[in-house]
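Encoded as structure tokens, the structure appears first; notes follow it.
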Amino acid sequence: MFCRDCGEKLSLRFMENEGLVPYCNKCGKYKFPFFPVAVSMVVVRRSDRAILLARHVGDEDYKLIAGYIKKGESAEKTIPRELREETQLTAINWKYLASRYHDAKDILMLGFLVTCDDGELVFNEEIAETRWCTPEEARQIIRKNSTAEFFLNAAIAELGRKK
Ligand SMILES: [Zn+2]
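Here the working numbering is used: position 115 in the sequence shown is 263, and no number is missing along the way.
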């Protein structure tokens with residue numbers, strides 16, 4: 149780990165109420181890590197509660213709709229923007245599910261259950277294929293032990309509570 153401001157190698161120093169935090173000796177400051185934040189959406193169609201999974205170009209697995217939160221943007225703003233950009237669907241409402249740090253990409257994912265309208269789905273060039281699934285189908289085709297599966301299971305549990 150190196151200082152993002154001066155390039156010096158960081159050490160860990162004890163900070164009260166925080167524990168060990170990266171510290172730059174040259175800057176004389178604690179350097180909390182920066183990482184991107186994204187929303188991961190379990191998109192459910194209002195009329196029949198079907199769950200949307202999408203397969204991206206060059207990808208084998210079906211995934212959830214996800215997108216980075218832009219600088220200065222709230223997660224509440226990212227949700228309708230990303231859904232519209234990727235599918236042309238309109239987000240009607242959403243509920244926060246859980247968050248998970250995705251180590252492979254060094255990114256914090258915020259999981260939401262998003263209800264969308266029954267509009268026509270028109271996906272952009274990044275997506276190769278989409279599927280509307282029952283909860284059972286979605287569970288079968290989502291990649292096992294993935295962050296997407298974790299959010300999917302949380303969403304299905306939430307949908308079960310709503311009945
Ligand atoms: Zn520094």
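All C-beta atoms, glycine included, are put in the ideal place defined by N, C-alpha and C.
Between the stretch 230-249 and the stretch 259-269, the count of Cβ pairs shorter than 8 angstroms is three or higher; the stretches touch.
Judged by DSSP in its simplified three-state form, Phe150 adopts strand.
Around the C-beta of Ala202, 16 or more other C-beta atoms lie within 10 Å, and the residue is accordingly described as buried. The DSSP-derived three-state label of Asn173 is coil. Beta-bridge annotation (DSSP): Asn241 is paired with Thr263.
Scanning its chain for C-beta atoms nearer than 8 angstroms, with the 5 sequence neighbours on each side dropped, one finds around Lys157 the residues Met149, Phe150 and Cys151, in chain order. Secondary structure of Glu224 (DSSP, three-state): helix. Inter-residue distance for Pro170 and Phe180 is about 6 angstroms (C-alpha atoms, whole angstroms). In the DSSP assignment, Ile289 falls within the unbroken alpha helix (DSSP H) covering Pro283 to Ile289.
Comparing C-alpha distances from Thr226 to each of Arg197, Arg194 and Ser188 shows the shortest one belongs to Ser188. Each of Ile290, Ala252, Leu168 and Phe182 was checked against the Cα of Lys219, and the nearest Cα belongs to Phe182.
Residue pairing from DSSP places Arg203 in a beta bridge opposite Tyr210 and Glu277.
In the DSSP assignment, Ala186 falls within the beta strand (DSSP E) that extends over Val185 to Arg193. With a contact defined as Cβ atoms closer than 8 angstroms, Ala296 and Lys211 qualify at about 5 angstroms. For Glu233 and Asn272, the gap between their C-alpha atoms comes out near 7 angstroms.
By DSSP's assignment, Phe162 forms a beta bridge with Leu168.
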